[in-house]
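Asker:
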Amino acid sequence: MASSTPAPCPPKGQALLEAMRRHLFSSQAKSASLATTHDHYVCLSLAVRDILLTSWVDTVDTYTSQHVRTATYMSAEYLLGPHLENNLVSLGLREEARAACEALGLTLEEMLAEEPEPGLGNGGLGRLAACFQESMATLELPAIGYGIRYEFGIFRQQIGPTGQMESTDPWLARGNPWEVIRPEWSYPVVIGGQTVIGVAYDTPILGYGVHTANTLRLWSAQAPDAFDFASFNAGDYTRAVLHKVQSETLSKVLYPNDELEQGKRLRLSQQIFFVSCSLQDMFRILGSQGIPVTEFHRKFAVQLNDTHPAIAVAELMRLLIDEHGVDWDTAWSITTATISYTNHTLLPEALEAWGLELFQQLLPRQLQIIFEINARFLRTLRIRFPGQPDLLERLSLIEEGPHRKVRMAHLAVVGSHTVNGVAELHSRLLKENLFAEFAQVWPERFTNITNGVTPRRWLAVANPPLAELLNDAIGTDWCRHLDQLRKLEPLATDAAFLERWQGVREQAKERLAATIRQDTGVLVDPSSLFDVQVKRIHEYKRQHMAALQVVERYLRLRAGEDLPPRTVIFGGKAAPGYAMAKLIIRLIVGMAEIINIDPAMDGRLRVIFLPNFSVKLGQKIYPAVDLSEQISTAGMEASGTGNMKMSLNGALTIGTLDGANIEIRDRVGDDNFFLFGHTAEQLAAINRNGYHPMPWLENDALAKEAIDLIGSGHFSEGDRDLFHPLLANLCSSDPFRVMADLGDYRRAQNEVDGAWCDAGRWSMMSVLNTARCGFFSSDRSIQEYAERIWKVVPVPVNSCSVIPQSS
Ligand code: GPV
Numbered sequence: 001m002a003s004s005t006p007a008p009c010p011p012k013g014q015a016l017l018e019a020m021r022r023h024l025f026s027s028q029a030k031s032a033s034l035a036t037t038h039d040h041y042v043c044l045s046l047a048v049r050d051i052l053l054t055s056w057v058d059t060v061d062t063y064t065s066q067h068v069r070t071a072t073y074m075s076a077e078y079l080l081g082p083h084l085e086n087n088l089v090s091l092g093l094r095e096e097a098r099a100a101c102e103a104l105g106l107t108l109e110e111m112l113a114e115e116p117e118p119g120l121g122n123g124g125l126g127r128l129a130a131c132f133q134e135s136m137a138t139l140e141l142p143a144i145g146y147g148i149r150y151e152f153g154i155f156r157q158q159i160g161p162t163g164q165m166e167s168t169d170p171w172l173a174r175g176n177p178w179e180v181i182r183p184e185w186s187y188p189v190v191i192g193g194q195t196v197i198g199v200a201y202d203t204p205i206l207g208y209g210v211h212t213a214n215t216l217r218l219w220s221a222q223a224p225d226a227f228d229f230a231s232f233n234a235g236d237y238t239r240a241v242l243h244k245v246q247s248e249t250l251s252k253v254l255y256p257n258d259e260l261e262q263g264k265r266l267r268l269s270q271q272i273f274f275v276s277c278s279l280q281d282m283f284r285i286l287g288s289q290g291i292p293v294t295e296f297h298r299k300f301a302v303q304l305n306d307t308h309p310a311i312a313v314a315e316l317m318r319l320l321i322d323e324h325g326v327d328w329d330t331a332w333s334i335t336t337a338t339i340s341y342t343n344h345t346l347l348p349e350a351l352e353a354w355g356l357e358l359f360q361q362l363l364p365r366q367l368q369i370i371f372e373i374n375a376r377f378l379r380t381l382r383i384r385f386p387g388q389p390d391l392l393e394r395l396s397l398i399e400e401g402p403h404r405k406v407r408m409a410h411l412a413v414v415g416s417h418t419v420n421g422v423a424e425l426h427s428r429l430l431k432e433n434l435f436a437e438f439a440q441v442w443p444e445r446f447t448n449i450t451n452g453v454t455p456r457r458w459l460a461v462a463n464p465p466l467a468e469l470l471n472d473a474i475g476t477d478w479c480r481h482l483d484q485l486r487k488l489e490p491l492a493t494d495a496a497f498l499e500r501w502q503g504v505r506e507q508a509k510e511r512l513a514a515t516i517r518q519d520t521g522v523l524v525d526p527s528s529l530f531d532v533q534v535k536r537i538h539e540y541k542r543q544h545m546a547a548l549q550v551v552e553r554y555l556r557l558r559a560g561e562d563l564p565p566r567t568v569i570f571g572g573k574a575a576p577g578y579a580m581a582k583l584i585i586r587l588i589v590g591m592a593e594i595i596n597i598d599p600a601m602d603g604r605l606r607v608i609f610l611p612n613f614s615v616k617l618g619q620k621i622y623p624a625v626d627l628s629e630q631i632s633t634a635g636m637e638a639s640g641t642g643n644m645k646m647s648l649n650g651a652l653t654i655g656t657l658d659g660a661n662i663e664i665r666d667r668v669g670d671d672n673f674f675l676f677g678h679t680a681e682q683l684a685a686i687n688r689n690g691y692h693p694m695p696w697l698e699n700d701a702l703a704k705e706a707i708d709l710i711g712s713g714h715f716s717e718g719d720r721d722l723f724h725p726l727l728a729n730l731c732s733s734d735p736f737r738v739m740a741d742l743g744d745y746r747r748a749q750n751e752v753d754g755a756w757c758d759a760g761r762w763s764m765m766s767v768l769n770t771a772r773c774g775f776f777s778s779d780r781s782i783q784e785y786a787e788r789i790w791k792v793v794p795v796p797v798n799s800c801s802v803i804p805q806s807s
């Protein structure tokens with residue numbers, strides 16, 4: 001791949017093959033005649049692991065001996081996706097691995113298909129954490145990722161006639177060749193008076209074309225003793241294992257809610273569990289390097305990925321004061337010099353606030369510390385803003401009322417030196433709305449760092465034909481320096497290049513068509529326009545608006561209008577308790593059932609709901625997207641990152657002025673982006689005057705017809721009640737302003753149809769999207785975090801650094 005990647009050489013393929021054979025015997029304990037495909041997958045993974053171990057061990061040695069300043073990323077979620085292919089690409093060994101597999105009568109694709117993906121996250125937030133880990137390693141930044149080793153990740157989704165069905169995700173059932181247990185690094189955490197032990201499981205995160213392999217350290221919960229021998233001896237076996245079972249429940253399963261706080265005891269327990277283990281681990285590292293605890297903030301920068309780890313503010317104070325004998329003021333300086341906080345949403349239902357009673361029960365000492373932090377904070381406010389008790393109440397860490405609560409976002413803001421949003425608009429709205437008064441108190445504390453995605457997984461791994469075309473056209477540097485994609489611009493009008501570009505896109509679409517056929521049984525035409533919306537199902541993301549648009553298209557086609565053939569593809573999980581989101585899936589599935597068997601729609605319209613959207617599936621989808629649907633209500637999508645993955649792979653966006661869409665449009669140019677909808681400001685103005693959807697709907701005959709058709713039971717086997725909650729909501733309060741944007745959305749979709757008919761121009765626009773998206777590399781985001789927030793600098797790792805330098 002890139003020039004800096006170790007040059008591929010045949011001996012490495014040979015070495016891989018030999019290592020695979022050896023592992024079949026020594027790790028899987030089998031002869032070739034009994035080996036399953038999965039055995040071979042494990043052997044290939046272990047063979048790759050053997051190679052990357054050198055980097056991993058050297059990296060730890062380098063960091064340890066040089067006492068490097070280290071960024072630690074705390075996140076309740078890491079949506080990693082499969083490791084094998086990513087590691088092969090980082091090591092420059094993909095073709096060698098292919099050859100080794102073939103020598104054994106296997107294919108690399110079979111091996112890759114065997115890997116269960118660690119789905120330790122819900123959506124964008126967890127996937128961002130994964131992209132960030134990879135970029136930190138690629139930029140050679142000393143970093144540790146801390147999180148939870150959930151035994152069951154995000155549920156698996158199946159689609160039946162009644163919509164979404166969930167089942168558990170036993171991703172560890174057949175073992176995990178990518179992790180190493182570290183029983184010697186385990187820590188006690190007291191929750192509700194009971195002690196739980198967190199045990200470290202480490203996974204290497206390889207940088208691309210460098211020798212850095214950082215560590216992702218995930219905590220697994222264990223009971224302090226397997227048995228309560230007193231109960232056991234007394235004959236009460238159930239009681240003897242009760243605490244064990246209860247303790248281990250802590251890291252059992254990922255909460256499947258995206259942007260929704262439910263206030264559950266287990267969730268708060270998970271948060272303190274992984275945060276406390278991680279901080280204790282940092283103290284252990286500090287101690288092992290002979291650094292005094294009062295230097296904590298010089299050794300570590302701690303980034304909070306949303307408020308899920310915000311309890312770190314109180315826990316770091318507790319550890320400094322109670323365990324390490326530091327006085328309050330010093331402890332507070334250390335804490336606020338260490339911690340920084342990223343906010344990922346403005347949605348009120350996502351803002352964590354824990355009931356005081358629950359907090360008191362589970363974490364009495366931490367609550368005491370929070371009260372003391374609050375008392376001191378309010379005291380300084382009272383002096384600065386005399387006679388403004390309302391201001392104090394609004395900024396307090398405690399929400400007053402009949403059910404008093406701890407506001408975790410306020411704790412995070414007060415305990416951090418820097419607070420950032422994840423796209424320009426989002427960061428501005430944070431300062432103007434959610435944290436407006438905090439921004440008056442500490443204006444310098446708030447900043448923006450726009451999200452990014454890793455070009456390794458989302459281009460090199462996901463789209464090898466495009467990667468190869470880029471290598472031929474502009475050299476191999478793009479993979480480490482994504483800005484290099486700029487060099488494509490002059491080629492956007494080069495006929496020979498455009499033909500190759502088209503060829504690459506067709507390949508990706510054919511590959512996705514095969515997946516669609518396999519997963520849904522539906523045949524789609526790869527030459528039709530692939531119109532794609534994949535992301536968590538949420539009303540603010542407005543999948544129902546896209547669905548209405550499809551019904552309108554169906555009506556227009558039935559009325560004899562001539563529209564270019566489209567395949568509309570949806571994918572995404574709904575939180576199991578989110579009834580409206582599940583109903584939206586049900587609607588899409590119902591539409592697909594009718595439309596895909598209607599002879600009048602043949603060759604004109606197909607509707608697909610791809611089940612179980614995941615990182616793996618995303619790798620197949622993103623390269624095949626012609627039209628990227630980014631249609632959230634303006635002001636509600638903090639950033640979005642799927643928008644970046646699609647544009648980077650050459651999709652054109654139809655979108656609102658929301659999140660990072662704005663910055664994508666600024667860069668790709670307004671001629672190469674289909675804009676529609678009200679702005680956040682316009683919506684705010686509409687809201688002030690009192691919004692009602694009816695006036696919008698009354699002037700819109702087509703929308704009415706579409707809604708009536710859905711209401712008639714056309715897509716629900718005659719059931720007129722099924723979609724009533726959805727339709728009634730749209731026609732009464734319409735909280736996500738679907739009706740206000742629907743007409744303009746249709747106008748923009750008509751423009752898309754027109755543009756698609758000029759294939760040459762579409763290709764040019766596609767190239768320009770890729771060419772101008774280099775900014776959206778997570779390398780750029782991480783560079784900004786490192787320079788502006790963490791003050792962490794690259795520390796290159798030399799290969800075979802057997803004798804590390806000591807400082
Ligand atoms: I808070 N996000 C998410 O996926 N889950 C959450 O619980 C929360 C935020 C997302 C935002 O919705 C996206 O706009 C954003 O791109 C992503 O976080 C990463 O910042």
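No gaps in the numbering here: position 393 of the sequence shown is 393 in the numbering used here, and each next residue is one more. Even for Gly, the Cβ is constructed at its ideal location relative to N, Cα and C.
Note down, in chain order, each residue of its chain lying with its Cβ closer than 6 Å to the Cβ of V293, except the 5 sequence neighbours on either side.
Answerer: Locating residue 293 in the sequence shown gives position 293, where the first residue counts as 1. The residues are H324.
Asker: On a Cα-Cα basis, can you pick out the residue from K299, A412, D258 that is closest to A310?
Answerer: Numbered from its first residue, the sequence shown carries residue 310 at position 310. Residue A412 is the option with its Cα nearest to A310.
Asker: Counting only the same chain and skipping the five closest in sequence on each side, list residues whose C-beta sits under 6 Å from that of M601.
Answerer: Taking the first residue of the sequence shown as 1, we reach residue 601 at position 601. Counting only Cβ-Cβ distances below 6 Å, and skipping sequence neighbours, we find I595.
Asker: Just how far apart, CA to CA, sit P183 and E117?
Answerer: Reading the sequence shown from its first residue, position 183 is the one you call residue 183. Reading the sequence shown from its first residue, position 117 is the one you call residue 117. Cα to Cα, P183 sits roughly 24 Å from E117.
Asker: Can you tell me whether N798 is buried or exposed, with buried defined as 16 or more other CB within 10 angstroms of its CB?
Answerer: Here residue 798 refers to the residue found at position 798 when the sequence shown is read from its first residue. Its Cβ having fewer than 16 others within 10 Å, N798 is exposed.
Asker: Provide the residue span of the beta strand (DSSP E) that contains G421, from first to last.
Answerer: Indexing the sequence shown from 1 puts residue 421 at position 421. From DSSP, the beta strand (DSSP E) with G421 extends over 418-421.
Asker: With the cut-off set at 7 Å, would you say N643 and A624 are in Cβ contact?
Answerer: Start at 1 with the first residue of the sequence shown, and residue 643 comes out as number 643. Start at 1 with the first residue of the sequence shown, and residue 624 comes out as number 624. In this structure, A624 does not lie closer than 7 Å to N643 by Cβ.
Asker: So, helix, strand or coil for F530, using DSSP?
Answerer: For the purposes of this step, residue 530 is taken as residue 530 along the sequence shown, with counting starting at 1. DSSP places F530 in strand when its eight states are reduced to three.
Asker: Going by C-alpha to C-alpha distance, which of Y150, S90, H38, D719 sits closest to C101?
Answerer: Residue numbering aside, residue 101 sits at position 101 when the sequence shown is read from its first letter. Ranking Y150, S90, H38, D719 by Cα distance to C101 puts H38 first.
Asker: Which same chain residues end up closer than 8 Å to A353 when comparing Cβ atoms and leaving out the 5 residues on each side of it in sequence?
Answerer: One-based indexing of the sequence shown puts residue 353 at position 353. Hits under 8 Å: E261, G263, E399, K405, V406, R407, M408.
Asker: Report the three-state DSSP secondary structure of L304 (helix, strand or coil).
Answerer: Taking the first residue of the sequence shown as position 1, residue 304 is located at position 304. Note: L304 maps to strand in three-state DSSP.
Asker: Evaluate contact between the segment 227-240 and the segment 197-214, counting only Cβ atoms and requiring at least three cross-stretch pairs below 8 Å.
Answerer: Counting Cβ pairs under 8 Å, fewer than three are found: no touch.
Asker: Give a single yes or no on whether A638 has its beta carbon closer than 6 Å to a heavy atom of the ligand GPV.
Answerer: Here residue 638 refers to the residue found at position 638 when the sequence shown is read from its first residue. Because some heavy atom of the ligand GPV lies under 6 Å away, the Cβ of A638 counts as near it: yes.
Asker: Please say whether G126 and E77 have beta carbons closer to each other than 7 Å?
Answerer: To locate residue 77, count along the sequence shown from 1; it is residue 77. To locate residue 126, count along the sequence shown from 1; it is residue 126. Cβ distance < 7 Å, so E77 and G126 count as in contact.
Asker: Kindly indicate which three-state DSSP category F385 falls into: helix, strand or coil?
Answerer: In the sequence shown, residue 385 corresponds to position 385, counting from 1. DSSP places F385 in coil when its eight states are reduced to three.
Asker: If you pair each beta-carbon of the segment 762-771 with each one of the segment 685-701, do three or more pairs fall below 8 Å?
Answerer: No: fewer than three Cβ pairs fall under 8 Å.
Asker: Apart from the five residues on each side of it in sequence, which residues of its chain come closer than 8 Å, Cβ to Cβ, to L139?
Answerer: Working through the sequence shown from its first residue, we reach residue 139 at position 139. Correct list, in chain order: G207, D779, I782, Q783, A786, P794.
Asker: Which of the three DSSP states, helix, strand or coil, is assigned to T336?
Answerer: By one-based count along the sequence shown, residue 336 stands at place 336. T336: helix per DSSP, three-state reduction.
Asker: Does the segment 185-197 touch the segment 267-286, meaning 3 or more C-beta pairs lie closer than 8 Å?
Answerer: Yes, the segment 267-286 touches the segment 185-197.
Asker: Which residue marks the beginning of the alpha helix (DSSP H) containing F438, and which one marks its end?
Answerer: For the purposes of this step, residue 438 is identified with residue 438 of the sequence shown, where counting begins at 1. Taken as a continuous stretch (DSSP letters only), the alpha helix (DSSP H) holding F438 covers 436-441.
Asker: Report, in whole angstroms, the separation of the C-beta atoms of V532 and L627, which I expect to be a contact under 8 Å.
Answerer: Indexing the sequence shown from 1 puts residue 532 at position 532. Indexing the sequence shown from 1 puts residue 627 at position 627. So it is a contact: roughly 7 Å between Cβ atoms.
Asker: Could you please give the first and the last residue of the uninterrupted alpha helix (DSSP H) stretch that includes W696?
Answerer: Here the question's residue 696 lines up with position 696 in the sequence shown. Counting along the chain, the alpha helix (DSSP H) containing W696 begins and ends at 694-698.
Asker: Could you tell me the alpha carbon to alpha carbon distance between K582 and F613, rounded to whole angstroms?
Answerer: In the sequence shown, the residue the question calls residue 582 occupies position 582. In the sequence shown, the residue the question calls residue 613 occupies position 613. Cα to Cα, K582 sits roughly 15 Å from F613.
Asker: For the pair the segment 72-89 and the segment 456-463, tell me if three or more CB-CB distances fall below 8 Å.
Answerer: Segments in contact, yes.
Asker: Let's see if you can read the secondary structure: which residues bound the beta strand (DSSP E) around I608?
Answerer: Mapped onto the sequence shown, residue 608 falls at position 608. Counting along the chain, the beta strand (DSSP E) containing I608 begins and ends at 605-610.
Asker: Would you tell me roughly how many angstroms separate the C-alpha atoms of L430 and E437, rounded to the nearest one?
Answerer: Taking the first residue of the sequence shown as 1, we reach residue 430 at position 430. Taking the first residue of the sequence shown as 1, we reach residue 437 at position 437. About 10 Å.
Asker: Given 6 Å as the limit, tell me if A350 has its C-beta closer than that to any heavy atom belonging to the ligand GPV.
Answerer: In the sequence shown, residue 350 corresponds to position 350, counting from 1. Flag set: Cβ of A350 near the ligand GPV.
Asker: Please return the same chain residues whose Cβ sits closer than 6 Å to the Cβ of P142, not counting the five positions on each side in sequence.
Answerer: Reading the sequence shown from its first residue, position 142 is the one you call residue 142. Cβ neighbours of P142 beyond the five flanking positions: Y63, V68, T70, V795.
Asker: For the ligand GPV, is there any heavy atom lying closer than 6 Å to the beta carbon of G198?
Answerer: Position 198 of the sequence shown, counted from the first residue, corresponds to residue 198. G198: no, Cβ never under 6 Å from the ligand GPV.
Asker: Where does N447 fall in DSSP's three states?
Answerer: Position 447 of the sequence shown, counted from the start, is the residue given in the question as residue 447. According to the sequence displayed, residue 447 carries Thr and not Asn. Residue state, collapsed to three classes: strand.
Asker: What three-state label does DSSP hand P142 in the structure shown?
Answerer: The sequence position of residue 142 within the sequence shown is 142, counting from 1. Three-state result, P142: coil.
Asker: Comparing alpha-carbon positions, which option in A755, G760, G677, H692 lies nearest L742?
Answerer: Here residue 742 is taken as the residue at index 742 of the sequence shown, counted from 1. The residue with the shortest Cα to Cα distance from L742 is G677.
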